[in-house]
Amino acid sequence: MAQEGFKRKLTAILSADAEGYSRLMGEDEEATVRTLTDYREVMGTLIQQHNGKVLDSPGDNLLAEFDSVVDAVQCAVAVQKEINARNTELPENRKMQFRIGINLGDVIQEEERIYGDGVNIAARLEGLANPGGICISKTAFDQIESKLPYGYEFLGDQPVKNIAKPVGAYRVLMEPRVTVAGEPEKDKPP
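In this note's numbering, the protein residues as written are 115 to 304.
As structure tokens, then:
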């Protein structure tokens with residue numbers, strides 16, 4: 115039974131974290147903060163354009179929610195592509211990449227914050243993503259597999275810190291897979 119005063123809801127959670135942030139800060143704090151601020155602004159704009167909402171952005175992390183997993187994944191792809199494009203303008207040692215994790219989960223909402231395993235799983239999936247990449251849970255994948263043109267790589271059931279059961283994880287391949295004949299391939303991971 116839900117505790118009085120708390121609202122529960124099913125939501126798509128996006129968690130993003132900058133790769134190598136501590137190294138970048140150690141080399142040049144001001145340049146790192148400028149880049150992080152610029153990239154957060156880009157992410158915030160893209161999140162809004164994809165019907166999402168930024169909930170928190172402590173340090174080099176950003177947490178957002180979406181009513182739709184399709185919107186969350188499309189947003190994550192747009193974010194990674196835009197940041198990659200902006201990184202081409204920076205020296206190699208100043209490039210900032212983000213790992214993104216997405217989960218569809220039941221959460222507790224308290225005012226503008228959300229809590230629960232749904233949020234924790236998104237954060238853990240982010241840690242499984244490659245720098246500049248996206249990792250989604252099986253619950254998210256089940257909602258989008260035939261709705262978006264991307265390829266997916268099943269990473270198996272992953273043990274994640276402080277979550278009782280392993281979490282099915284998929285890497286999002288941000289470009290459609292193509293067969294030899296040039297037709298998009300229909301991916302059907304396990």
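Glycine included, each C-beta is placed from N, C-alpha and C at the ideal position.
Item, Value
"Contacts around A126, its chain only, beta-carbon distance under 6 Å, and the 5 residues preceding and following it disregarded", "F180, V183, A186, L218"
"Residue range of the unbroken beta strand (DSSP E) whose run includes K122", "A quick correction: the sequence has Arg, not Lys, at residue 122. Counting along the chain, the beta strand (DSSP E) containing R122 begins and ends at 121-133."
"Completely contained beta strand (DSSP E) runs for the segment 143-177, where each covers 3 or more residues", "166-170"
"Range covered by the beta strand (DSSP E) that runs through E240", "Premise fails: E240 lies in the alpha helix (DSSP H), 231-242, not in any beta strand (DSSP E)."
"Cross-strand partners of Y284 (DSSP beta bridge)", "I250, F268"
"For T146 and F255, the rounded distance between their alpha carbons", "33 Å"
"Nonlocal neighbours in the same chain, by C-beta distance under 6 Å from V168, ignoring five residues either side", "G158, I161, A178"
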